[in-house]
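To start, the structure under review is shown below, and the notes come after it.
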Amino acid sequence: MNTSTTIKFISQHFLVKRLFCTSNVVFSASFSPNDFIEGPPLNEEIPQKEPKYIHEMVGRKRKNRIVYGSGMCSTGALAIEKLLTFPSLTQCLWQPMRIVRMNTKNIKFIAAGCGFSLFASNNELYGSGLNNFYQLSGPKRSDEDERPNLEYGYAGRNEAEMWYIHGRKIVLPENIGNIRGICAGRMHSVLLTDTNKIFCFGSNSHGQCGADPLVNPVVTHDKGYLLHEMDISSIVEEGCEIVKVHASLDTTFALTSNGKLFAWGLGTDGQLGNGNTHFQWKPTLVLGDLEGEKIVEVGGSTDTIVAVNSDGALFIWGQNEYGQMCSITDEPQIFFPQQVPFKLGKVVGAEATGVSCIVCNSEGDVFTWGSHVLGFGPKIERLTKPMQIDRPLFTSAMNEKNGVVKVFAGGSCMGALTERGHLFTWGSNRHGILALCHRNHQYFPFQVSFAECIKDVSFGPNHSTPSRLCGICQRYLEKETS
Numbered sequence: 001m002n003t004s005t006t007i008k009f010i011s012q013h014f015l016v017k018r019l020f021c022t023s024n025v026v027f028s029a030s031f032s033p034n035d036f037i038e039g040p041p042l043n044e045e046i047p048q049k050e051p052k053y054i055h056e057m058v059g060r061k062r063k064n065r066i067v068y069g070s071g072m073c074s075t076g077a078l079a080i081e082k083l084l085t086f087p088s089l090t091q092c093l094w095q096p097m098r099i100v101r102m103n104t105k106n107i108k109f110i111a112a113g114c115g116f117s118l119f120a121s122n123n124e125l126y127g128s129g130l131n132n133f134y135q136l137s138g139p140k141r142s143d144e145d146e147r148p149n150l151e152y153g154y155a156g157r158n159e160a161e162m163w164y165i166h167g168r169k170i171v172l173p174e175n176i177g178n179i180r181g182i183c184a185g186r187m188h189s190v191l192l193t194d195t196n197k198i199f200c201f202g203s204n205s206h207g208q209c210g211a212d213p214l215v216n217p218v219v220t221h222d223k224g225y226l227l228h229e230m231d232i233s234s235i236v237e238e239g240c241e242i243v244k245v246h247a248s249l250d251t252t253f254a255l256t257s258n259g260k261l262f263a264w265g266l267g268t269d270g271q272l273g274n275g276n277t278h279f280q281w282k283p284t285l286v287l288g289d290l291e292g293e294k295i296v297e298v299g300g301s302t303d304t305i306v307a308v309n310s311d312g313a314l315f316i317w318g319q320n321e322y323g324q325m326c327s328i329t330d331e332p333q334i335f336f337p338q339q340v341p342f343k344l345g346k347v348v349g350a351e352a353t354g355v356s357c358i359v360c361n362s363e364g365d366v367f368t369w370g371s372h373v374l375g376f377g378p379k380i381e382r383l384t385k386p387m388q389i390d391r392p393l394f395t396s397a398m399n400e401k402n403g404v405v406k407v408f409a410g411g412s413c414m415g416a417l418t419e420r421g422h423l424f425t426w427g428s429n430r431h432g433i434l435a436l437c438h439r440n441h442q443y444f445p446f447q448v449s450f451a452e453c454i455k456d457v458s459f460g461p462n463h464s465t466p467s468r469l470c471g472i473c474q475r476y477l478e479k480e481t482s
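Here it is in structure tokens:
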């Protein structure tokens with residue numbers, strides 16, 4: 001071995017040791033004399049790449065999709081196990097944190113429930129957090145009672161599979177096609193495939209999983225670890241497809257390609273939209289002013305439900321205890337959808353918290369009304385009619401286009417996504433759901449700090465997750481790069 005080869009070998013050896021050295025563990029490696037990689041001579045300066053600044057990174061494309069989360073992490077819903085292990089033991093996360101376990105899963109869909117989250121690629125489904133009512137599925141525990149134990153808050157006595165602090169794969173049947181969408185309610189999960197199959201699992205106490213609650217108080221895998229699809233014979237017509245599923249707390253909805261909306265589950269506040277004041281486990285067509293309309297969007301995080309037709313008209317029904325519909329009626333519940341009489345332009349997105357409503361129109365304008373934090377500062381806490389939030393509030397620090405293309409809502413918070421992929425949140429900052437790096441409630445829209453574009457957001461009661469192009473919320477937030 002000549003002198004030049006020896007010098008290169010020694011330099012490579014010590015470089016490798018340095019790279020693998022940590023404060024606790026040292027990994028060492030060595031090269032055989034013939035295995036070193038040719039590099040520049042030691043007396044030459046190694047060429048450096050030009051530095052990149054934050055504004056140069058915004059909007060860049062990536063091949064992977066990255067998911068972030070914020071909010072309450074003590075349930076394991078954020079799938080970041082290091083937050084719940086010694087010495088961290090973190091109760092709440094006040095700023096977005098990357099969910100590393102999902103980095104390589106090619107996540108395209110996200111959903112945040114009450115203490116749990118769902119993540120889905122084209123053909124795989126993952127879940128994390130509470131599984132006390134099989135909202136993350138799994139075969140029925142053999143030592144549990146037939147009915148959920150509501151007194152103790154879980155479905156049986158074996159607690160080993162009732163809580164997952166990292167993402168676990170949910171086993172799906174074979175040959176079901178690709179995943180078209182997912183959603184999460186209070187204690188149940190819903191999956192839709194492109195072969196017109198719906199899978200519901202979790203608590204079925206009100207029939208929200210499409211099964212008789214007297215026979216199946218919970219729905220999950222059978223003993224053979226097979227998850228059965230829901231009976232949707234009353235939904236699908238010839239030449240018709242299911243294009244979207246949506247879940248509020250204990251009610252589930254399915255939207256078909258011909259614009260019909262079906263609902264099943266709890267209806268005590270009018271959520272079912274067909275006059276039923278109790279519950280129903282068989283999917284039934286939503287009636288009222290929706291009859292004859294082609295519905296293209298449905299939203300609502302709790303018991304107030306909103307829908308949009310192909311012409312951009314807005315419809316609303318369900319809970320009215322906080323004045324969300326007081327311009328229509330003073331009744332605490334509306335059991336049939338009614339078209340709102342407000343001039344909002346062509347509505348393209350609509351959502352509802354537990355106490356308020358938010359919509360955006362084709363011009364990129366945002367309107368809110370209802371009670372509590374509405375985005376107009378601390379002094380305006382109740383509006384009976386929609387009021388527009390000033391567009392400059394959705395302008396980024398770089399003064400880019402600020403038209404809003406999508407809106408989101410959790411139980412007590414709101415979000416808006418602009419055409420440039422910037423996310424703004426406001427409302428109650430319980431457990432850090434707003435991901436704004438502070439603990440205060442936010443009384444007007446404020447931009448969430450991300451170097452890249454946000455694609456989607458899902459708000460839950462206590463946590464949120466974003467993914468690249470990304471989104472964040474109490475349920476969770478997703479951001480994707482393509």
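Start counting the sequence shown at 1; every next residue gets the next number (full-length UniProt numbering). We put the beta carbon where it would ideally sit given N, CA and C, even for glycine. Just so you know, these numbers come straight off a predicted model, no measurement behind them.
Determine the extent of the beta strand (DSSP E) in which residue i is found, giving its start and end residues.
i: Thr256; result: 251-256
i: Asp456; result: 454-459
i: Val215; result: Premise fails: Val215 is in no beta strand (DSSP E) and is neither H nor E.
i: Ile80; result: Looking at the DSSP string, Ile80 is not in any beta strand (DSSP E), and its letter there is neither H nor E.
i: Thr329; result: Looking at the DSSP string, Thr329 is not in any beta strand (DSSP E), and its letter there is neither H nor E.
i: His438; result: Per DSSP, His438 belongs to no beta strand (DSSP E) and is neither H nor E.
i: Pro283; result: 279-285
i: Arg168; result: 163-170
i: Gly415; result: 413-418
i: Glu351; result: 347-352
i: Ala409; result: 404-409
i: Gly129; result: 125-130
i: Thr425; result: 423-427
i: Cys200; result: 198-203
i: Leu118; result: 116-120
Rounded to the nearest angstrom, what separates residue i and residue j at their Cα positions?
i: Trp317; j: Gln442; result: 27 angstroms
i: Leu19; j: Val457; result: Legend: pLDDT at Leu19 = 32, less than 50; position of this residue unreliable, value from coordinates given subsequently. Using only the alpha carbons, I get a separation of about 37 angstroms.
i: Tyr126; j: Gln135; result: 11 angstroms
i: Ala120; j: Lys401; result: 31 angstroms
i: Met387; j: Asn440; result: 24 angstroms
i: Asn276; j: Leu84; result: 43 angstroms
i: Arg101; j: Asn258; result: 38 angstroms
i: Thr22; j: Thr90; result: The pLDDT assigned to Thr22 is 33, lower than 50, so where the model puts this residue is not dependable; a value taken from the coordinates is nonetheless given after this. Straight-line Cα distance between these residues: approximately 24 angstroms.
i: Pro217; j: Asn204; result: 5 angstroms
i: Glu238; j: Thr195; result: 13 angstroms
i: Arg186; j: Leu130; result: 11 angstroms
i: Pro87; j: Tyr68; result: 22 angstroms
i: Cys73; j: Cys92; result: 5 angstroms
Which residues does DSSP list as the beta-bridge partners of residue i?
i: Lys244; result: Leu255
i: Met387; result: Thr368
i: Ala184; result: Ser189
i: Met230; result: Met230 is not bridged to any residue.
i: His221; result: Pro139
i: Glu293; result: Paired residues: none, contrary to the question.
i: Trp94; result: Note: Trp94 sits in no beta bridge, so no partner.
i: Val308; result: Glu297, Leu314
i: Cys357; result: Ala352, Trp369
Inspect the beta-carbon positions of residue i and residue j and report whether they are closer than 7 angstroms.
i: Thr302; j: Ser371; result: no
i: Leu344; j: Asn361; result: yes
i: Asp212; j: Trp281; result: yes
i: Ser128; j: Tyr164; result: yes
i: Asn65; j: Asn106; result: Correcting the residue identity first, residue 65 is Arg in this sequence and not Asn. Yes, Cβ-Cβ distance for Arg65 and Asn106 is below 7 angstroms.
i: Ala435; j: Phe424; result: no
i: Ala409; j: Ile358; result: yes
i: residue 494; j: Asp269; result: Residue numbering for the chain in the displayed model covers 1 to 482; residue 494 lies beyond these limits and cannot be assessed.
i: His422; j: Gln447; result: yes
i: Ile235; j: Gln271; result: no
i: Cys285; j: Phe262; result: What sits at residue 285 in the sequence shown is Leu, not Cys. Against a cut-off of 7 angstroms, the Cβ pair of Phe262 and Leu285 comes out as a contact.
i: Thr193; j: Ile179; result: yes
i: Ala184; j: Ala79; result: no
i: Pro113; j: Gly349; result: The residue you asked about is not Pro; residue 113 is Gly in the sequence shown. Contact: no.
i: Gly273; j: Pro341; result: no
i: Leu214; j: His221; result: no
i: Val405; j: Phe394; result: no
i: Ser117; j: Ile170; result: no
With residue i and residue j assumed to form a contact (beta carbons below 8 angstroms), what rounded beta-carbon distance in angstroms separates them?
i: Val243; j: Thr252; result: No, Val243 and Thr252 are not in contact; Cβ-Cβ is about 15 angstroms, not under 8 angstroms.
i: Met414; j: Thr368; result: 7 angstroms
i: Gln339; j: Asp289; result: 5 angstroms
i: Phe279; j: Leu287; result: Not quite, the Cβ-Cβ distance comes to about 17 angstroms (not below 8 angstroms), so this is no contact.
i: Ser412; j: Gly354; result: 6 angstroms
i: Val373; j: Gly427; result: 5 angstroms
i: Gly202; j: Phe109; result: Not really, about 17 angstroms apart at Cβ, beyond 8 angstroms.
i: Val407; j: Val347; result: 10 angstroms between Cβ atoms; not a contact.
Between residue i and the ligand MN, is the CB less than 6 angstroms from at least one heavy atom?
i: Val355; result: Inclusion of the ligand MN in the displayed structure is not the case, the ligand content being empty and no account of it being possible.
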